[in-house]
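Residue numbers for the sequence shown follow the working numbering, so the first one is 86 and each next one is one higher.
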Amino acid sequence: MSTAVTQKIAIFLGFDGNAEEAMNFYTSLFEDGEVLQVIRARAEDPGWAEGTLQYGIFRVAGQQLVCMNTPPPESPLHGTARWQDFTVNPAVTLYAQRHSREDFDKLYDALSEGGEVYMPAQNYGFSPRFAWVNDRFGISWRIDLSS
86 MSTAVTQKIA IFLGFDGNAE EAMNFYTSLF EDGEVLQVIR ARAEDPGWAE GTLQYGIFRV
146 AGQQLVCMNT PPPESPLHGT ARWQDFTVNP AVTLYAQRHS REDFDKLYDA LSEGGEVYMP
206 AQNYGFSPRF AWVNDRFGIS WRIDLSS
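The following block contains the structure:
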């Protein structure tokens, strides 16, 4: 496991119980994908099942991201924010540029499986191949094949 580095800005993704599944999925899709750090619930953390991922730091495509599971209702942290009101919005999207058609198609197929396709993979004039999808975890991705 590499060391997490301090960045000026990191993308922070919130999930409702499936942060670890999402993190492992994303790291499997990129050559440099790696889990850098995890913080897991302890037995004494109210409301959390012991071992559940609370926070994770991972890297994909050279970018460090942070993810978390929202605190369960029994956790004292649950009352600190209106977690149930927080949803992901496709206006905020992750952008991934691929350098080969094979890499593009692999990423597009994986991210669109079980998700929603906003713009199917094709030439839109501004790129030889571009797509916009919402993956099965609700995260929006724009995928671009570099010229």
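We put the beta carbon where it would ideally sit given N, CA and C, even for glycine.
The three-state reading of DSSP puts P157 in coil, since its state is none of H, G, I, E or B.
Within the same chain, D117 come within 8 Å of G147 by CB-CB distance, once the 5 residues on both sides are set aside. Contact annotation: P213 and S232 have beta-carbon atoms nearer than 8 Å. Separation of E198 and K191 (C-alpha to C-alpha, rounded to the nearest whole angstrom) is 11 Å.
The Cβ atoms of P131 and P158 lie no closer than 8 Å to each other.
For N109, the uninterrupted alpha helix (DSSP H) run begins and ends at A104 to L114, by DSSP. Checking the DSSP bridge columns, you'll see G199 has no partner listed. Nearest to V145 by alpha-carbon distance, out of N154, Y180 and M204, is Y180.
DSSP places G164 in the helix class (H, G or I) of the three-state scheme.
Annotated three-state conformation of E129 is coil, per DSSP. Here F189 really is in contact with L230; their C-beta atoms are around 5 Å apart, less than 8 Å. Residue pairing of N219 in beta bridges, as defined by DSSP: E201 and S225.
The alpha carbon of A195 has as its nearest neighbour, out of S87, G102, F100 and L114, the alpha carbon of L114. The residue among S87, P156, I228 and A128 with its C-alpha nearest the C-alpha of A166 is P156. The C-beta distance from T178 to W226 rounds to 6 Å, short enough to meet the 8 Å contact threshold.
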